[in-house]
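Engineer: Let me begin by handing over the structure; questions about it come next.
There are 2 protein chains.
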Amino acid sequence: MKTTRNTAAKTAVLEVFEKSKTALSHTEIQKQLNDICDRVTIYRILDRLMNDDIIHKISNLDGTVKYAKCNHSHQRVHIHNHAHFSCENCHEITCLENVKPSYIMPHNYKVKEINFTLSGLCPNCLNSNI
Amino acid sequence: MKTTRNTAAKTAVLEVFEKSKTALSHTEIQKQLNDICDRVTIYRILDRLMNDDIIHKISNLDGTVKYAKCNHSHQRVHIHNHAHFSCENCHEITCLENVKPSYIMPHNYKVKEINFTLSGLCPNCLNSNI
DNA sequence: AATCAACTGCAACAATGTTGCGTTAAATAT
DNA sequence: ATATTTAACGCAACATTGTTGCAGTTGATT
Ligand SMILES: [Mn+2]
Ligand SMILES: [Mn+2]
Ligand SMILES: [Zn+2]
Ligand SMILES: [Zn+2]
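Protein chains in written order, with UniProt numbering: chain A, 1 to 130; chain B, 1 to 130.
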């Protein structure tokens, strides 16, 4: 098995995730890193962090892709079954760790992963009533 | 209000949707159209059809975006609350019109749209046990 | 300190989607 | 039927996002 190394760039990316309360896109991460590494390197770090179940990917209806830290990496069986919220006003994406959809599937499908994203207005934008 | 016109290209795109049982990407549509129009035109037609609630967009975890016909355009209040299934083997995406997730949201969020995509193996690929 | 492979930077590329603008052709009125 | 209006089109040019190959670098281990 391939071992994974702790490089300066990887540590920096992890710090950015640690500081952020919302999910981040590749571009947002790059800006916060102030070009301490190449953008290709960021893509590769994100891939590794996903493989190691440290972050997870969130794909939004508008096509944007963001990443967020997993708050359950300690669990033996790692499963991302929580929902995400995408604000149509401020475009922030947050994990709703406690929102887990229930649903009934037709037979003959094998479900391995789910992606449940809700969009609308987040508490912040709702209060400043647009 | 801007009126919408029935052009040859738009009719051709609609026929492609009519024939297809699964959701289609922009590229798949372009191939089936045999270059009867420019690819930019297809993008613009898709935008119009979405505005008119004739098709809807499906955004997958792997970043691919597909479109499918709405089977409920007749309803007075048009809402896309059904799930979609994305097969990790054949990459086909199908509407699961009868699968509608139930969930409990925290207060202070205003939900306007949901995107619920499940992935795994579709009935076809499950039977030919990969 | 030497070794080894994971990691990086760079360049080059592919895929996807957008915009501006001059031209074409639906829909409507004459 | 013909003229008018403007939605829709083709084309070129561009932006963004993500991928790949390869030579060089650096983290971890011995
Ligand atoms: Mn998670
Ligand atoms: Mn629909
Ligand atoms: Zn917001
Ligand atoms: Zn399949």
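Even glycine gets a Cβ: it sits at the ideal position worked out from N, Cα and C.
No experiment lies behind these values; they were computed from the predicted model shown.
Of the residues that make up the region 61-72 of chain A, which ones have a beta carbon closer than 7 angstroms to any beta carbon in chain B?
Structural biologist: Here the close residues are L61, G63 and V65.
Engineer: Between the Cα of A9(A) and the Cα atoms of S128(A), I29(A) and N81(A), which residue gives the shortest distance?
Structural biologist: Closest option to A9(A), Cα to Cα, is I29(A).
Engineer: May I ask you to list the residues that DSSP assigns as paired with G120(B)?
Structural biologist: The partner list for G120(B) (beta bridge, DSSP) reads V111(A) and C87(B).
Engineer: Could you have a look at Y43(B) and say whether DSSP puts it in helix, strand or coil?
Structural biologist: Helix at Y43(B).
Engineer: Under the assumption that G63(B) contacts V40(A) (Cβ atoms under 8 angstroms), give the Cβ distance between them as a whole number of angstroms.
Structural biologist: Rounded, the Cβ-Cβ distance is 17 angstroms, inconsistent with contact.
Engineer: Would you say K21(A) reaches chain B, if we count a Cβ-Cβ gap shorter than 8 angstroms as a contact?
Structural biologist: Not one chain B Cβ lies under 8 angstroms of K21(A).
Engineer: Strictly below 8 angstroms CB to CB, what residues from chain B border A83(A)?
Structural biologist: Simply Y103.
Engineer: Please output, in chain order, the residues near ligand 3 using a CB cut-off of less than 7 angstroms to any non-hydrogen atom of the ligand.
Structural biologist: The set, ordered by position in the chain, is C87(A), N89(A), C90(A), E92(A), L121(A), C122(A), N124(A) and C125(A).
Engineer: Can A68(A) and I58(A) be called in contact, C-beta distance under 8 angstroms?
Structural biologist: Yes.
Engineer: Between M50(B) and the rest of its own chain, which residues show a CB-CB distance below 8 angstroms, the 5 nearest in sequence each way excluded?
Structural biologist: So the list reads H56, K57 and Y67, once near-sequence residues are dropped.
Engineer: Within the same chain, show all residues whose beta-carbon is closer than 7 angstroms to that of I36(A), passing over the 5 residues directly before and after it, in chain order.
Structural biologist: Once the five neighbours on either side are set aside, the close Cβ partners of I36(A) are A9 and A12.
Engineer: Using a Cβ-Cβ cutoff of less than 7 angstroms, which residues in the same chain neighbour N124(A) once the five nearest sequence positions on both sides are dropped?
Structural biologist: Closer than 7 angstroms at Cβ, skipping near neighbours: C90.
Engineer: Whose CA, out of Y109(B), I93(B) and C122(B), lies closest to the CA of E88(A)?
Structural biologist: Measuring from the Cα of E88(A), the nearest candidate turns out to be Y109(B).
Engineer: Quick check: what's the CA-CA separation for T3(B) versus V77(A)?
Structural biologist: Near 54 angstroms, if we compare the C-alpha coordinates of V77(A) and T3(B).
Engineer: Any beta carbon of chain B sitting closer than 8 angstroms to that of K112(A)?
Structural biologist: Judged by the 8 angstroms Cβ criterion, K112(A) is in contact with chain B.
Engineer: Distance, Cα to Cα, I104(A) vs L61(A)?
Structural biologist: So the alpha carbons of these two residues sit roughly 23 angstroms apart.
Engineer: To be precise: take each residue of the region 35-58 of chain A, compare its Cβ to all Cβ atoms of chain B, and keep it if any distance is under 8 angstroms. Which residues remain?
Structural biologist: Under the 8 angstroms Cβ criterion, the region 35-58 of chain A contributes K57.
Engineer: Quick one: residues in its chain with C-beta nearer than 8 angstroms to the C-beta of S119(B), no 5 flanking neighbours on either side, listed in chain order?
Structural biologist: Cβ neighbours of S119(B) beyond the five flanking positions: N60, L61, F85, S86, C87 and E88.
Engineer: So, does the CB of T27(A) fall closer than 8 angstroms to a CB anywhere in chain B?
Structural biologist: So, not an interface residue.
Engineer: Would you mind sorting N115(A) into buried or exposed? The rule is 16 or more other CB atoms within 10 Å of its CB.
Structural biologist: The residue in question, N115(A), is buried, as its Cβ has 16 or more Cβ neighbours within 10 Å.
Engineer: Using a threshold of 8 angstroms, state whether the C-beta atoms of E97(B) and H82(B) are closer than that.
Structural biologist: Yes. Within cutoff.
Engineer: With 8 angstroms as the threshold, decide whether the Cβ of S108(B) is near any Cβ in chain A.
Structural biologist: Note on residue identity: the sequence assigns Asn, not Ser, to residue 108(B). Closer than 8 angstroms to some Cβ of chain A, the Cβ of N108(B) qualifies, so yes.
Engineer: Rounding to the nearest angstrom, what Cα-Cα distance links K112(A) and S102(B) in this structure?
Structural biologist: Those two C-alpha atoms are separated by around 19 angstroms.
Engineer: What is the C-beta distance between A23(B) and T117(B), in whole angstroms, given that I count them as a contact (C-beta under 8 angstroms)?
Structural biologist: Not a contact, Cβ separation roughly 11 angstroms.
Engineer: By the three-class DSSP mapping on this structure, what secondary structure does A68(A) have?
Structural biologist: A68(A): strand per DSSP, three-state reduction.
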